[in-house]
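Numbering (full-length UniProt numbering), first residue to last: 1 to 227.
All C-beta atoms in this analysis are idealised placements derived from N, C-alpha and C, irrespective of residue type, glycine included.
A short worksheet on the structure shown next.
What follows is the structure, encoded as structure tokens:
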């Protein structure tokens with residue numbers, strides 16, 4: 001057995017085992033950790049196939065962003081999974097039926113798959129390897145043949161980003177905000193008002209003189225408005 005084959009079986013075995021433990025683990029935090037392990041080993045399989053760029057993208061995007069986001073959400077929300085698991089049994093018949101249907105379809109597809117040796121003899125041989133790196137070849141195909149699909153994917157992500165911003169945007173009432181520009185541009189007449197409110201009452205009481213005006217025959221007292 002060659003070294004490449006040994007690493008392939010190692011990465012593939014760990015990936016399958018991690019995927020099984022993702023759905024079999026009772027602790028959701030452990031499930032996310034096993035998911036990260038599955039992504040890392042899948043990246044190793046991409047490296048064996050010569051797709052180093054896809055391997056790095058898998059590690060950076062899925063492990064560094066998605067899986068870590070799942071982990072933080074699960075740890076911060078502190079969801080009571082014990083109460084959620086109590087209602088799982090009522091969906092067991094439906095889930096079992098769907099699983100059996102998928103299993104039958106998989107068996108039918110695998111059993112009817114056959115390779116004609118005569119057809120293999122007529123297949124053209126692969127051409128010369130490309131004289132460029134894996135990243136350059138992927139970028140060349142992505143920005144030439146699939147450029148419209150790439151832009152469409154960008155628009156979908158833009159819509160998702162705008163939707164997330166709109167859903168989380170809240171206009172809270174009663175929150176005091178400081179307007180530094182307005183404070184810097186106002187004059188002393190706007191900032192200082194001469195008032196004499198009644199004893200034991202505030203400025204909003206009836207009969208109080210509004211800010212900026214001095215009542216007749218009264219000695220003015222200086223008050224400063226809140227910023």
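Candidates the options, of which the one nearest residue i by Cα
i: residue 67; options: 44, 41, 37, 185; result: 37
i: residue 135; options: 16, 22, 15, 55; result: 55
i: residue 137; options: 52, 201, 23; result: 52
i: residue 64; options: 32, 153, 46; result: 32
Secondary structure of residue i, DSSP reduced to three states
i: residue 194; result: strand
i: residue 115; result: coil
i: residue 95; result: helix
i: residue 143; result: coil
i: residue 201; result: coil
i: residue 40; result: helix
i: residue 239; result: Shown here, the chain extends from 1 to 227; a query on residue 239 therefore has no answer.
i: residue 13; result: helix
i: residue 25; result: coil
i: residue 75; result: helix
i: residue 18; result: helix
i: residue 132; result: coil
i: residue 175; result: coil
i: residue 182; result: helix
i: residue 1; result: coil
i: residue 187; result: coil
i: residue 51; result: coil
i: residue 169; result: coil
Rounded C-alpha distance that separates residue i from residue j
i: residue 222; j: residue 190; result: In this predicted model, residue 222 has a pLDDT of only 47, less than 50, meaning its place in the structure is not dependable enough to derive any value.
i: residue 11; j: residue 144; result: 33 Å
i: residue 8; j: residue 75; result: 34 Å
i: residue 206; j: residue 175; result: Note that residue 206 scores 49 on pLDDT, short of 50, meaning its location in the model is unreliable; the coordinates nonetheless yield the value given after this. In a straight line, the C-alpha of residue 206 is about 26 Å away from that of residue 175.
i: residue 28; j: residue 102; result: 26 Å
i: residue 70; j: residue 100; result: 30 Å
i: residue 140; j: residue 147; result: 10 Å
i: residue 182; j: residue 168; result: 28 Å
i: residue 15; j: residue 170; result: 42 Å
i: residue 50; j: residue 44; result: 10 Å
i: residue 155; j: residue 62; result: 20 Å
i: residue 89; j: residue 165; result: 36 Å
i: residue 60; j: residue 163; result: 24 Å
i: residue 18; j: residue 2; result: 24 Å
i: residue 187; j: residue 200; result: 30 Å
i: residue 153; j: residue 161; result: 12 Å
i: residue 142; j: residue 97; result: 40 Å
i: residue 159; j: residue 150; result: 15 Å
i: residue 226; j: residue 192; result: At residue 226, the pLDDT of 45 sits below 50, so the modelled position is not reliable; the number obtained from the coordinates is stated separately. Cα-Cα distance, rounded: 10 Å.
i: residue 94; j: residue 178; result: 57 Å
i: residue 107; j: residue 6; result: 29 Å
i: residue 24; j: residue 41; result: 19 Å
i: residue 116; j: residue 110; result: 15 Å
Inter-residue CB distance, residue i and residue j (contact presumed, cutoff 8 Å)
i: residue 58; j: residue 39; result: 6 Å
i: residue 48; j: residue 4; result: 6 Å
Any non-hydrogen atom of the ligand HEM within 6 Å of residue i CB
i: residue 47; result: This structure simply doesn't include the ligand HEM, nor any ligand for that matter.
CB contact check: residue i to chain C, cutoff 7 Å
i: residue 157; result: No chain C appears in this structure, which consists of one protein chain only.
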